[in-house]
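Here is the structure we will look at, set down as structure tokens.
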Amino acid sequence: MDGNAPWGYFVPREVAESAKELPRMQRLDRPESWLAMQGFLVAFVWEMLQMPFFDMDHLSGWQQTKNCALASFGDAGIMVFSYLIARAFAGRQYWLHDSRPGPLATYLATGLTVTVAVELLAVRVPWGWEYSELMPKLAGIGLVTIAMWIVVPLVSLTLAARLTRPHST
């Protein structure tokens, strides 16, 4: 088993090649794919833990869990979008293996911008959400949500970097 390749953790190379599954698994060996998966999982944990900061008492446990799952898909989408913007800025798909601060700053700034825009909209429309009295706010935006965008995307990006091989493209 090749421990250096992410697919090596799931399928030994010989098995993958003999089963002609290697090309499909190589498509998974992209930062965007791993970021989407890790981003969803890490965001889901955060979303569930931040429930006390939102007014969701009128929802059942199942409805709250479903809403957290949907929000996590959105969070993962924002992470992938931000990664693609940073990729365009860096000119490299695998910028997450570099120590240069520019792409990382672009990734975080893009995500924060989208998050602030979504929050400003969502707390003002009937189909959006409301903060509980526990939520600290700055300019009408929940600070737990801002903290989420800093912590969760950095953790998800770190996990994605560990699961991808550095390439020059």
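When we follow our numbering, the leftmost residue of the sequence shown carries the number 142, and every step to the right adds one. Cβ coordinates follow ideal geometry from the N, Cα and C atoms, glycine included.
Where LEU284 falls, given that 16 or more other Cβ within 10 Å makes a residue buried: exposed
Every unbroken alpha helix (DSSP H) within the segment 175-261, with a cutoff of 4 residues, ordered by chain: 202-231
Rounding to the nearest angstrom, what Cα-Cα distance links THR274 and CYS209 in this structure? First, the amino acid is wrong: residue 274 is Glu here, not Thr. Whole-angstrom Cα-Cα distance: 19 Å.
Which residues in the same chain as TRP290 place their Cβ atom closer than 6 Å to its Cβ, once the five residues preceding and following it in sequence are excluded? GLY252, LEU253 and THR256
Starting from PRO294, trace the alpha helix (DSSP H) both ways and give me its first and last residue. 284-304
Applying the criterion that 16 or more other CB atoms from any shown protein chain within 10 Å of the CB defines a buried residue, is ASP198 buried or exposed? exposed
Within a Cβ cutoff of 8 Å, which residues of the same chain sit near TYR272, ignoring the five residues on either side of it in sequence? PHE194, PHE195, ASP196, VAL264, LYS278 and GLY283
For GLN204 and GLU188, what's the separation of their Cα atoms in angstroms? 13 Å
Relative to the C-alpha of LEU249, which candidate in LEU261, ILE287 and MET192 has its C-alpha closest? ILE287
ALA302 to LEU262, Cα distance in whole Å? 32 Å
Closest to VAL183 by C-alpha separation, out of VAL293, TRP236, GLU173 and THR299, would be which residue? VAL293
Under 7 Å between C-beta atoms of ALA231 and PRO242: no
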